[in-house]
Amino acid sequence: MKRQKRDKLSRAHSKGYQAGITGRSKEHCPFQSINIRSEWLGGWREALGDRSIGLVSR
0 MKRQKRDKLS
10 RAHSKGYQAG
20 ITGRSKEHCP
30 FQSINIRSEW
40 LGGWREALGD
50 RSIGLVSR
């Protein structure tokens, strides 16, 4: 049975979160599509929030 890939939006969110955790700038977003870019930025913002309240450490 084949494994089903995660949808592009959840993958973009996850990648944005990882970028935010590592301290990358939002200008490094690799996506051009509005919807996918928006999801990546949402993950990036969530990571910044988590870092600011101390949920994750670098």
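For the sequence shown, numbering that gives the first Met the number 0 assigns the number 0 to the initial residue and increments by one for each residue that follows. Where is the CB? At the ideal position from N, CA and C, for every residue including glycine.
Query, Result
"If you follow the alpha helix (DSSP H) that residue 40 is part of, which residue opens it and which one closes it?", "33-51"
"Is residue 33 buried or exposed, if buried means 16 or more other CB atoms sit within 10 Å of its CB?", "exposed"
"Under 8 Å between the Cβ atoms of residue 43 and residue 30?", "no"
"Mapping DSSP to helix, strand and coil, what is residue 19?", "helix"
"Which of the three DSSP states, helix, strand or coil, is assigned to residue 13?", "helix"
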